[in-house]
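**Student:**
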Amino acid sequence: MYGKRLLIGKLADWRLRPLTGADCAPLLRLTADLAAFFSPEEVAVAGELMTERLLRGAASGYEFLVAEHDRTPVAYTCYGAIPATEGRFDLYWIVVSPRLRGQGLGRGLLRATEEDIRTRLGGLRLYAQTSSRAAYADTHAFYHAMGYRLVATLEDYYRTGDGQRIYVRDLDQAPGRSAESSSGRV
Ligand SMILES: CC(C)(COP(=O)(O)OP(=O)(O)OC[C@H]1O[C@@H](n2cnc3c(N)ncnc32)[C@H](O)[C@@H]1OP(=O)(O)O)[C@@H](O)C(=O)NCCC(=O)NCCS
18 MYGKRLLIGK
28 LADWRLRPLT
38 GADCAPLLRL
48 TADLAAFFSP
58 EEVAVAGELM
68 TERLLRGAAS
78 GYEFLVAEHD
88 RTPVAYTCYG
98 AIPATEGRFD
108 LYWIVVSPRL
118 RGQGLGRGLL
128 RATEEDIRTR
138 LGGLRLYAQT
148 SSRAAYADTH
158 AFYHAMGYRL
168 VATLEDYYRT
178 GDGQRIYVRD
188 LDQAPGRSAE
198 SSSGRV
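When you read off a place in the sequence shown, starting at 1, and then add 17, the result is the number in the working numbering.
Structure, rendered in structure tokens:
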């Protein structure tokens with residue numbers, strides 16, 4: 018998968034690769050620019066996970082997939098096994114550059130992440146947690162379109178009025194028609 022050119026949706030020219038040290042500054046800038054989505058504390062956590070991965074490799078428990086376009090990192094996922102579970106994984110982060118949204122990048126990146134978890138890491142199920150705030154309506158639509166089930170909402174989880182939505186997808190299930198549009202191919 019790594020290094021392979023992909024033709025996905027409307028944005029044809031992008032490729033996936035592992036995280037490198039040079040990615041940290043641009044990816045953290047990208048994350049920090051999404052102030053409506055991520056607090057400074059959350060951006061700091063993203064930076065810590067990148068550092069952990071670069072220092073300790075797979076032993077860190079954090080996996081990253083980076084999407085590059087025009088030789089620039091423009092999107093990434095961070096994910097890892099949930100300790101003491103059987104094949105359960107958490108999607109810690111998925112971020113796509115605002116200027117490239119709606120072009121199938123998130124779909125391709127998430128499908129590639131699922132494939133990596135399923136085939137290389139032996140994962141069976143992927144969880145994604147996100148805020149219940151209205152600002153995340155597009156994110157909710159994205160997970161729904163990707164075939165994720167909303168299995169729980171924890172009211173006031175992050176702070177009063179800001180709950181946590183927990184989405185899940187079983188990775189052995191083929192994408193259904195409603196979950197896969199004609200533009201997504203990985
Ligand atoms: C959520 C996010 C990753 C989606 O990335 P994207 O590249 O814009 O998504 P895609 O273009 O691949 O869309 C895939 C599908 O999701 C759905 N979708 C995406 N954006 C949507 C929107 N704004 N409204 C409705 N549906 C949407 C669509 O069904 C779309 O498929 P289609 O275009 O073939 O119909 C991106 O918007 C993002 O980075 N958001 C901010 C960070 C975030 O919320 N991360 C997740 C929480 S940690």
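Built from N, CA and C at the ideal position, the CB exists for glycine as well.
Alpha carbon to alpha carbon, what distance is there between R128 and D187?
**Tutor:** Taking the straight line from one Cα to the other gives about 12 angstroms.
**Student:** Looking only at DSSP bridge pairs, what is E80 linked to?
**Tutor:** The partner list for E80 (beta bridge, DSSP) reads Y96.
**Student:** DSSP puts F106 in a beta bridge; with which residues?
**Tutor:** BP columns for F106 point to A98, L143.
**Student:** Nearest to C95 by CA position, among T102, G119, G123, is which residue?
**Tutor:** C95 has its Cα closest to that of G123, out of T102, G119, G123.
**Student:** Please return the same chain residues whose Cβ sits closer than 8 angstroms to the Cβ of A29, not counting the five positions on each side in sequence.
**Tutor:** The answer is none, since no qualifying residue turns up.
**Student:** Using beta-carbon positions only, say whether L45 and G64 come within less than 8 angstroms of one another.
**Tutor:** Yes, the Cβ-Cβ distance between L45 and G64 is below 8 angstroms.
**Student:** Indicate the three-state DSSP secondary structure (helix, strand or coil) for Y184 in the structure shown.
**Tutor:** Correct three-state label for Y184: strand.
**Student:** Would the C-beta of W110 count as close to ligand 1, meaning under 7 angstroms from any of its heavy atoms?
**Tutor:** Under cutoff, so the answer is yes.
**Student:** Assuming A92 contacts A84 (C-beta within less than 8 angstroms), just tell me the rounded distance between them.
**Tutor:** At roughly 4 angstroms, the Cβ-Cβ gap stays under 8 angstroms, so A92 and A84 are in contact.
**Student:** If you compare alpha carbons, which of Y160, R118, D40 is closest to R70?
**Tutor:** The candidate whose alpha carbon is nearest that of R70 is D40.
**Student:** If you draw a straight line from the alpha carbon of G20 to that of D155, how long is it in whole angstroms?
**Tutor:** Only weak support exists for where G20 lies, its pLDDT of 42 falling under 50; the value from the coordinates is given anyway. Rounded to the nearest angstrom, the two C-alpha atoms are 29 angstroms apart.
**Student:** Between the alpha carbons of E58 and D189, how many angstroms are there, rounded?
**Tutor:** The alpha-carbon atoms of E58 and D189 are separated by roughly 34 angstroms.
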